[in-house]
Amino acid sequence: MSAASASLNRRLIQELHKSRTEQNPALTYLEPLDDSDLHHWHAGLRGTPDSPYEGGVWDVDIVIPDNYPLAPPTITFKTKMCHPNVHIESGEICLDLLKAEWSAAYTISSTMTAIQTLLTSPEPDSPLNVDAAALLRSGDTVGYESLVRYYVWRYAQKHEI
Amino acid sequence: MFRYGTANIISYNATFIVISAAAISFNFSVIVIPASLYGDPNLEFPTLNQTLSFALEISSPNDFDTLYSQDSSRGNTFKGLLYVPDIPPDNPCDTPALVPRNVTRKDDLPMDDLKLIAYAPLITPECSRVYMESAENDNVAAFIFYGVPETLSNGTDPRHDESYQYEYPVYYLDGAIGQPLMNKLAEYSGNMSEVHNEANLQTAGYDLRDFARIYAVISTRSTNPMPGLWLFLLVVVAVLLFIIGASSLLMHLCQFHYRRSLRRRIANGEVDLEGLGVGRITVPREFLAKFPVYVYIAETSSIQEPRAPPAAALPAPMEGSSEPKAPPAAEPEPEVEVSEQPPSSDLSSSPTQPPPTVTTTATTTTPARTTPIAVAPTHLGRGYSQTACPICLDDFIHQETTVRELPCLHVFHPECIDPYLETQSSLCVLCKQSCLPKGYVPIRLTNAIVRRERLMRRVRERSRSTAHDRHRSGGADGAVEMAESGGALFRWRVRRLRRQEQDLMGREALSRASLRRSGGAGAFEYRRSGTQGSRMQAAQSGRSHRGGEPVEDAVRPRSLAVMRDNDVATAREIRKHLAKSVAECLALGDTMLQTRISKGRKIRLRSLRY
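Protein chains in written order, with the working numbering: chain A, 8 to 168; chain B, 229 to 838.
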């Protein structure tokens with residue numbers, strides 16, 4: 008177990024090092040919450056440009072399990088996020104990449120990129136936010152987008168850098 | 229007239245419901261009917277003491293025969309007082325030789341409404357008909373014939389040429405028993421005072437004015453224990469059970485067939501097991517141990533750099549650690565392999581070196597000759613040049629790190645990939661290609677899986693055929709057709725196409741990433757070596773041009789390049805269809821859907837760039 012945790016820490020340090028040297032355009036920052044605990048990270052996720060999410064920055068909480076590269080990290084939105092596949096209260100994300108489709112080759116940074124991609128390609132057929140999904144499903148893109156814009160303006164705007 | 233008709237109908241029914249009441253035993257005894265008691269016919273009469281009178285039990289099947297049996301609604305036992313039916317006195321059948329004059333007749337019976345059993349000799353068919361017609365008017369329960377010497381029956385056997393059309397069953401007794409019984413019947417015809425053993429009876433305390441008569445009990449076998457209705461129900465239930473059983477058997481056979489064909493298709497690699505969503509499939513240890521493990525040999529970075537300048541630019545800092553190893557690798561490849569000779573000898577001493585035979589041969593033979601051959605296959609077999617393990621992100625160290633190669637030719641630290649394949653997934657971490665051998669079926673195939681697979685296949689086929697249709701029917705026509713068939717269906721089709729595209733794009737993205745992924749946001753660094761790539765293409769086009777060919781050819785098919793190319797081609801096709809559907813959306817004026825689709829595409833394309 009200690010060997011496993013040592014290799015886990017080594018990987019996390021590698022990832023941290025990399026995230027510091029190479030800026031992920033999807034993120035404003037990506038680092039452990041506390042330098043002493045590598046298992047709990049947080050990040051600022053940028054809204055995708057050319058989308059209703061543009062301009063928003065969401066705080067994201069990343070909890071890394073003990074068997075991390077084999078099991079996906081638990082990622083939740085801290086800032087209120089209006090998206091069909093994100094729970095509006097808990098910030099839980101419904102993304103197959105974070106569940107069955109997880110692969111050990113994904114890093115935290117690339118996972119965050121995937122989440123940014125999720126913002127603009129919602130899957131209204133497996134919603135966590137039923138209202139937003141209903142808007143999308145009924146084809147009311149205009150309504151959906153303005154709803155998203157409102158949430159961005161109301162909650163995610165203040166992080167603008 | 230009317231009565232006759234009823235009788236006919238009843239007998240008609242009786243012949244149709246062929247339910248035999250074959251006799252199993254005859255019991256004759258003498259009962260005493262008190263002279264004073266007239267009335268209740270159901271009263272039980274005392275049986276005369278057998279030591280003082282007559283009793284006969286016949287149960288040997290040779291002594292009797294059932295000529296005609298009645299339906300058993302009358303009960304299984306026929307009881308009644310034995311008597312001889314009256315026939316006209318001048319009838320020749322009533323011969324005193326056979327039937328004594330004082331035999332018990334109808335008139336000799338004390339009560340009219342007692343149950344009767346008729347008794348007569350079976351002389352000729354005419355005689356028995358006469359007797360039976362007479363008996364029918366007497367309301368008998370049964371008729372017993374007994375055989376007579378052939379001299380009296382004119383040598384014919386009347387037992388078989390007779391059609392018994394009466395309501396009562398007809399039995400036959402052997403003549404040897406029948407004639408004495410007839411004589412007994414003559415004995416017990418008057419009242420007690422005329423009876424054969426009269427004195428003894430009197431001393432036994434019987435009233436001489438009482439009547440002693442022969443009482444016959446015919447037990448019949450219940451060959452049909454159930455009435456007709458029950459039998460009918462039983463037949464119906466049996467038929468139903470048979471139908472259920474047969475259909476169940478058929479169903480099971482079908483399911484077995486489906487399971488077997490699915491197993492065959494999985495074994496042939498035609499079915500995407502992971503796509504079935506049957507839960508987590510892992511790689512058993514015995515397969516894992518078969519994947520080759522060998523010592524990592526760094527790629528010749530000097531060759532790659534000119535070939536792939538943009539890719540090399542980014543990984544350069546990452547390869548800092550492997551920089552010292554660059555000089556030997558800077559030479560052309562054959563020399564690289566030769567230069568590996570000295571270290572290979574101490575490689576052999578490294579503990580983690582199990583399965584690959586190639587390496588073990590290197591340890592046993594002289595390094596000078598064999599090492600190039602030994603290392604070359606594993607080296608050449610690798611389709612990609614990975615510099616770091618994608619799981620722990622640690623760099624591989626040239627000629628030092630032990631790596632495990634999966635069937636897709638990706639390499640990992642054994643300690644990183646083994647737990648992943650054993651506990652998490654059967655797919656390669658990088659390209660998501662299954663690591664299970666081709667013919668291996670890792671799951672228990674249930675009917676649910678068969679059903680799901682069939683459903684998925686049908687959906688896939690339908691979507692393919694619709695895509696074909698659309699392809700054929702051209703843009704404008706298609707749009708018109710779509711407009712006619714209604715927006716909802718069309719939207720549904722587009723959504724399905726989209727999902728399919730997503731699926732394919734995801735796969736394509738991964739495969740593309742594994743082809744020429746470099747730096748950027750990715751956590752792992754590897755690229756396809758230019759020389760190797762070209763060599764592979766050469767091998768695909770049928771030309772092989774290097775030493776160690778057999779091994780190479782064995783390794784080549786695993787390169788999957790063909791499969792990947794196929795995949796990309798399919799994805800391209802789908803994307804083409806999608807573009808067309810966007811055009812159709814435009815034609816329909818469905819701008820919202822169009823923007824959605826095109827946006828989805830754009831984003832997905834962008835995400836691929838990472």
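Where a beta carbon is used, it is the ideal one built from N, C-alpha and C, also for glycine.
Please read all numbers here as calculations on a predicted model, not as lab measurements.
Practice problem: Pull up the distance between the alpha-carbon of residue 164 (chain A) and that of residue 53 (chain A), whole angstroms please. | Solution: Position 157 of the first sequence, counting from 1, holds the residue named residue 164 (chain A). Position 46 of the first sequence, counting from 1, holds the residue named residue 53 (chain A). Going by C-alpha positions, residue 164 (chain A) is about 10 Å away from residue 53 (chain A).
Quiz item: Quick one: which chain B residues come within Cβ less than 8 Å of residue 110 (chain A)?
Solution: For this step, residue 110 (chain A) is matched to residue 103 along the first sequence. Annotation: Cβ neighbours of residue 110 (chain A) in chain B (cutoff 8 Å, chain order): 653, 655, 657, 658 and 660.
Practice problem: Using 10 angstroms around the beta-carbon of residue 159 (chain A), count the other beta-carbons present and answer buried if the total reaches 16, otherwise exposed. | Solution: The residue given as residue 159 (chain A) occupies position 152 in the first sequence. A buried status is given to residue 159 (chain A), since no fewer than 16 other beta-carbon atoms sit within 10 Å of its beta-carbon.
Quiz item: Should residue 522 (chain B) go down as buried or exposed, given a rule of 16 or more other Cβ atoms within 10 Å for buried?
Solution: Counting from one through the second sequence, the residue named residue 522 (chain B) turns up at place 294. Looking at its Cβ environment, which holds 16 or more other Cβ atoms inside 10 Å, residue 522 (chain B) is buried.
Self-check item: 7 Å Cβ shell around residue 416 (chain B) - same chain, five flanking residues per side excluded
Solution: Residue mapping note: residue 416 (chain B) aligns to position 188 of the second sequence, counting from 1. Around residue 416 (chain B): 258, 332, 423, 440, 441 and 442.
Practice problem: Determine the chain A residues that contact residue 618 (chain B) at a beta-carbon separation under 8 Å, and present them in chain order. | Solution: The residue given as residue 618 (chain B) occupies position 390 in the second sequence. Neighbourhood of residue 618 (chain B) in chain A, by CB distance below 8 Å: 111 and 112, in chain order.
Self-check item: Residue environment, residue 696 (chain B), which counts as buried when at least 16 other CB atoms sit within 10 Å
Solution: Taking the first residue of the second sequence as 1, we reach residue 696 (chain B) at position 468. With fewer than 16 Cβ atoms within 10 Å of its Cβ, residue 696 (chain B) is classed as exposed.
Quiz item: Helix, strand or coil: how does DSSP classify residue 255 (chain B) here?
Solution: Along the second sequence, one-based indexing puts residue 255 (chain B) at 27. Strand at residue 255 (chain B).
Quiz item: Among B:468, B:624, B:410 and B:628, which has the Cα closest to the Cα of residue 638 (chain B)?
Solution: For this step, residue 638 (chain B) is matched to residue 410 along the second sequence. Residue B:624 is the option with its Cα nearest to residue 638 (chain B).
Self-check item: Option in B:336, B:398 and B:664 with minimal Cα separation from residue 364 (chain B)
Solution: For the purposes of this step, residue 364 (chain B) is taken as residue 136 along the second sequence, with counting starting at 1. Shortest Cα-Cα distance from residue 364 (chain B) to any of B:336, B:398 and B:664 involves B:398.
Quiz prompt | Contacts around residue 327 (chain B), its chain only, beta-carbon distance under 7 Å, and the 5 residues preceding and following it disregarded | solution = Here the question's residue 327 (chain B) lines up with position 99 in the second sequence. Same-chain partners within the cutoff: 312, 349 and 410.
Quiz item: Buried or exposed: which applies to residue 346 (chain B), given that a residue is buried once 16 or more other Cβ atoms fall within 10 Å of its Cβ?
Solution: Residue 346 (chain B) sits at position 118 when you count from the first residue of the second sequence. Answer is buried; the Cβ neighbour count reaches 16.
Quiz item: Roughly how many angstroms separate the alpha carbons of residue 591 (chain B) and residue 687 (chain B), rounded to a whole number?
Solution: Here residue 591 (chain B) is taken as the residue at index 363 of the second sequence, counted from 1. Here residue 687 (chain B) is taken as the residue at index 459 of the second sequence, counted from 1. Model confidence at residue 591 (chain B) stands at a pLDDT of 35, short of 50, so the residue's coordinates are unreliable; what they give is reported in the following sentence. Whole-angstrom Cα-Cα distance: 54 Å.
Quiz item: If contact means a Cβ-Cβ distance below 9 Å, which residues of the segment 61-89 of chain A contact chain B?
Solution: Within the segment 61-89 of chain A, the residues whose Cβ lies closer than 9 Å to some Cβ of chain B are 74, 76, 77 and 78, listed in chain order.
Exercise. Tell me whether the beta-carbon of residue 649 (chain B) lies closer than 8 Å to the beta-carbon of residue 659 (chain B).
Key: Position 421 of the second sequence, counting from 1, holds the residue named residue 649 (chain B). Position 431 of the second sequence, counting from 1, holds the residue named residue 659 (chain B). Result no, Cβ atoms of residue 649 (chain B) and residue 659 (chain B) do not sit closer than 8 Å.
Practice problem: Say whether chain B places a C-beta atom closer than 8 Å to the C-beta of residue 18 (chain A). | Solution: Stepping through the first sequence from its first residue, residue 18 (chain A) is reached at position 11. Judged by the 8 Å Cβ criterion, residue 18 (chain A) is in contact with chain B.
Quiz prompt | Contact list for the segment 625-648 of chain B against chain A, Cβ threshold 7 Å | solution = Listed in sequence order: 647 and 648.
Exercise. Return the CA-CA distance between residue 358 (chain B) and residue 367 (chain B), expressed in angstroms with no decimal places.
Key: Your numbering for residue 358 (chain B) matches position 130 in the second sequence. Your numbering for residue 367 (chain B) matches position 139 in the second sequence. Straight-line Cα distance between these residues: approximately 15 Å.
Quiz item: Which of helix, strand or coil does DSSP assign to residue 411 (chain B)?
Solution: Reading the second sequence from its first residue, position 183 is the one you call residue 411 (chain B). DSSP, reduced to helix, strand and coil, places residue 411 (chain B) within a helical segment of the structure shown.
Exercise. Look at the alpha carbon of residue 129 (chain A) and the alpha carbon of residue 82 (chain A), and state the distance between them as a whole number of angstroms.
Key: Residue mapping note: residue 129 (chain A) aligns to position 122 of the first sequence, counting from 1. Residue mapping note: residue 82 (chain A) aligns to position 75 of the first sequence, counting from 1. Their Cα atoms are separated by approximately 17 Å.
Quiz item: Helix or strand or just coil, what does DSSP make of residue 672 (chain B)?
Solution: Within the second sequence, residue 672 (chain B) is the residue found at index 444, counting from 1. Residue state, collapsed to three classes: coil.
Quiz item: Expressed to the nearest angstrom, what Euclidean distance is found between the alpha-carbon atoms of residue 86 (chain A) and residue 724 (chain B)?
Solution: As a first step, residue 86 (chain A) must be located in the first sequence, where it is residue number 79. As a first step, residue 724 (chain B) must be located in the second sequence, where it is residue number 496. The alpha-carbon of residue 86 (chain A) is positioned some 33 Å away from that of residue 724 (chain B).
Quiz item: Under the rule that 16 or more other beta-carbon atoms within 10 Å means buried, what is residue 308 (chain B), buried or exposed?
Solution: Residue mapping note: residue 308 (chain B) aligns to position 80 of the second sequence, counting from 1. Classification of residue 308 (chain B): buried, given that the 10 Å Cβ count is 16 or more.
Exercise. Spell out the partners DSSP gives residue 472 (chain B) in its beta bridges.
Key: Within the second sequence, numbered from 1, the residue matching residue 472 (chain B) stands at position 244. Within the DSSP bridge table, the entry for residue 472 (chain B) names no partner.
Practice problem: Tell me, please, whether the CB atom of residue 97 (chain A) is closer than 8 Å to any CB atom in chain B? | Solution: Residue 97 (chain A) sits at position 90 when you count from the first residue of the first sequence. Judged by the 8 Å Cβ criterion, residue 97 (chain A) is not in contact with chain B.
Quiz item: How would you list, in chain order, the residues of chain B whose beta-carbon sits under 7 Å from the beta-carbon of residue 14 (chain A)?
Solution: Position 7 of the first sequence, counted from the start, is the residue given in the question as residue 14 (chain A). Chain B residues near residue 14 (chain A): 620.
Practice problem: Report the rounded CA-to-CA distance for residue 655 (chain B) versus residue 44 (chain A), giving the unit in angstroms. | Solution: As a position in the second sequence, residue 655 (chain B) is number 427, starting the count at 1. As a position in the first sequence, residue 44 (chain A) is number 37, starting the count at 1. If I take the Cα positions, the gap works out to 31 Å.
Exercise. Give every residue of the same chain whose Cβ lies closer than 8 Å to the Cβ of residue 515 (chain B), excluding the five residues on either side of it in the sequence, and list them in chain order.
Key: Here residue 515 (chain B) refers to the residue found at position 287 when the second sequence is read from its first residue. Counting only Cβ-Cβ distances below 8 Å, and skipping sequence neighbours, we find 663, 664, 665 and 668.
Exercise. Tell me whether residue 437 (chain B) sits in a helix, a strand or coil according to DSSP, three-state version.
Key: Taking the first residue of the second sequence as position 1, residue 437 (chain B) is located at position 209. Of the three classes helix, strand and coil, the one that applies to residue 437 (chain B) here is coil, per DSSP.
Exercise. May I have the straight-line CA-CA distance separating residue 371 (chain B) from residue 396 (chain B), to the nearest angstrom?
Key: Here residue 371 (chain B) refers to the residue found at position 143 when the second sequence is read from its first residue. Here residue 396 (chain B) refers to the residue found at position 168 when the second sequence is read from its first residue. The straight-line gap from Cα to Cα measures roughly 7 Å.
Quiz item: For residue 482 (chain B), does the count of other Cβ atoms within 10 angstroms reach 16, so buried, or fall short, so exposed?
Solution: Position 254 of the second sequence holds residue 482 (chain B). Exposed, since its Cβ has fewer than 16 Cβ neighbours within 10 Å.
Exercise. Taking only the alpha-carbon atoms, compute the straight-line gap between residue 123 (chain A) and residue 161 (chain A) and give it to the nearest angstrom.
Key: In the first sequence, the residue the question calls residue 123 (chain A) occupies position 116. In the first sequence, the residue the question calls residue 161 (chain A) occupies position 154. Residue 123 (chain A) and residue 161 (chain A): Cα-Cα distance of roughly 19 Å.
Self-check item: residue 156 (chain A) to residue 75 (chain A) span [Cα, whole Å]
Solution: As a working mapping, residue 156 (chain A) is identified with position 149 in the first sequence. As a working mapping, residue 75 (chain A) is identified with position 68 in the first sequence. Distance between the alpha carbons of residue 156 (chain A) and residue 75 (chain A): 35 Å.
Quiz item: For residue 44 (chain A), which of helix, strand or coil comes out of DSSP?
Solution: As a position in the first sequence, residue 44 (chain A) is number 37, starting the count at 1. Note: residue 44 (chain A) maps to strand in three-state DSSP.
Quiz item: So, using beta-carbon positions, are residue 79 (chain A) and residue 134 (chain A) closer together than 8 Å?
Solution: Here residue 79 (chain A) refers to the residue found at position 72 when the first sequence is read from its first residue. Here residue 134 (chain A) refers to the residue found at position 127 when the first sequence is read from its first residue. Inclusion of residue 79 (chain A) and residue 134 (chain A) in the CB contact set at 8 Å is not warranted, their separation being larger than that value.
Quiz item: Among B:646, B:474, B:465 and B:677, which residue has its Cα nearest to the Cα of residue 111 (chain A)?
Solution: On the first sequence, residue 111 (chain A) is found 104 positions in, with the first residue counted as 1. Distances from the alpha-carbon of residue 111 (chain A) to those of B:646, B:474, B:465 and B:677 put B:646 closest.
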